[in-house]
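Student:
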Amino acid sequence: MTTAGAPDPARAAEEGVLAPGGYRWLGQGPWSGPIYMVISIEKQMIHVYSGDRLIGMASVSTGMKGHRTPTGDYPILQKRQWHRSNLYSNAPMPYMQRLTWDGIALHAGHNPGYPASHGCIRLPYAFARDLFALTKIGTLVEVTQARLSAALQYDALVLSDPGSTVVTFGPAPGRGSVTLPPAPVDAGRGDAPMLEIDPGIFGMVRG
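By the count of this note's numbering, the sequence shown reaches residue 207 at its end, each step adding exactly one.
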């Protein structure tokens, strides 16, 4: 809560421009809402939200010309604290969080303040470490051309269902929302949902 006439720290931080390699967290958590990220290629920044609350931001380095980072909505598919690229000279990619199976990921890396990667989103090392601890498989990441703001709302149809985990993200007017239904559970495999993945594509990350 801020006093009358006092600047809103979150708004002031959101409007600020971070230096290359810079980051900040707006509080210490724990966070109650779902974690959601928006990455702006034009601004070379990432904003991290807990529900509709901005909780952190950092400068990033996205894909250079010829290796542009694709825009779109992506769930985190895989997480590895220590990872190396099998596409680019075994380059180290600490705190890797995969967004696509053809090589796009979040990871700690060199951050010069402009697009310099082979398609991945490079993060400041300490920020990448903290972010890795916050996320889980399925956490949503939106890559935009310019926008950093995000809107999140719980689906009104399921608010009364205590067993539902459906969350609807509405990032921009005029765009369809992304709805994540509860994962189906195979009773023959126990209580945890299973995801079958071709092991041959593990490690294919651009950098």
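Backbone N, C-alpha and C define an ideal beta-carbon position, used for all residues, glycine too.
Only a predicted model underlies this, so the values are computations on that prediction, with no experimental measurement involved.
1) On a CA-only basis, which of Ala-150, Thr-144, Ser-149 is nearest Ser-40? Give me that one, please.
2) Under 8 Å: do the stretch 100–110 and the stretch 62–79 share three or more Cβ pairs, one atom per stretch?
3) Would you mind sorting Gly-29 into buried or exposed? The rule is 16 or more other CB atoms within 10 Å of its CB.
4) Tell me, to the nearest whole angstrom, how far the beta carbon of Tyr-23 is from that of Met-57; I am working on the premise that it is less than 8 Å.
5) What's the gap between the Cα of Leu-140 and the Cα of Gly-66?
6) Kindly list the residues whose CB is nearer than 8 Å to the CB of Thr-71, restricted to its own chain and excluding five residues on each side of it in sequence; keep chain order.
7) Starting from Ala-133, follow the alpha helix (DSSP H) in both directions and report where the run begins and ends.
8) Would you list the residues sitting across from Pro-75 in a DSSP beta bridge?
9) Taking Cβ positions, are Arg-147 and Val-38 nearer each other than 8 Å?
10) In angstroms, rounded to a whole number, what distance separates the CA positions of Ser-61 and Phe-127?
11) What number of angstroms, rounded off, separates the C-alpha of Ala-19 from the C-alpha of Trp-101?
12) Rounding to the nearest angstrom, what Cα-Cα distance links Lys-136 and Gln-97 in this structure?
13) Going by Cα to Cα distance, which pick from Thr-69, Pro-112, Tyr-36 is closest to Leu-54?
14) Look at the alpha carbon of Asp-130 and the alpha carbon of Ser-117, and state the distance between them as a whole number of angstroms.
15) Measuring alpha carbon to alpha carbon, tell me which residue in Ser-59, Trp-25, Trp-82, Leu-99 is nearest Gly-113.
16) Since Trp-25 is in the beta strand (DSSP E), which residue starts that stretch and which ends it?
17) List the residues that DSSP assigns as beta-bridge partners of Gln-208.
18) Whole angstroms are fine: how far does the CA of Trp-82 sit from the CA of Met-93?
19) Any idea what DSSP makes of Ser-59, helix, strand or coil?
Tutor: Inspection of the coordinates gives the following:
1) Thr-144
2) yes
3) exposed
4) 7 Å
5) 26 Å
6) Ile-41, Val-143, Thr-144, Gln-145
7) 125–134
8) Leu-140
9) yes
10) 13 Å
11) 31 Å
12) 9 Å
13) Tyr-36
14) 21 Å
15) Ser-59
16) 23–25
17) Nothing about residue 208 can be read from this structure; the chain reaches only from 1 to 207.
18) 7 Å
19) strand
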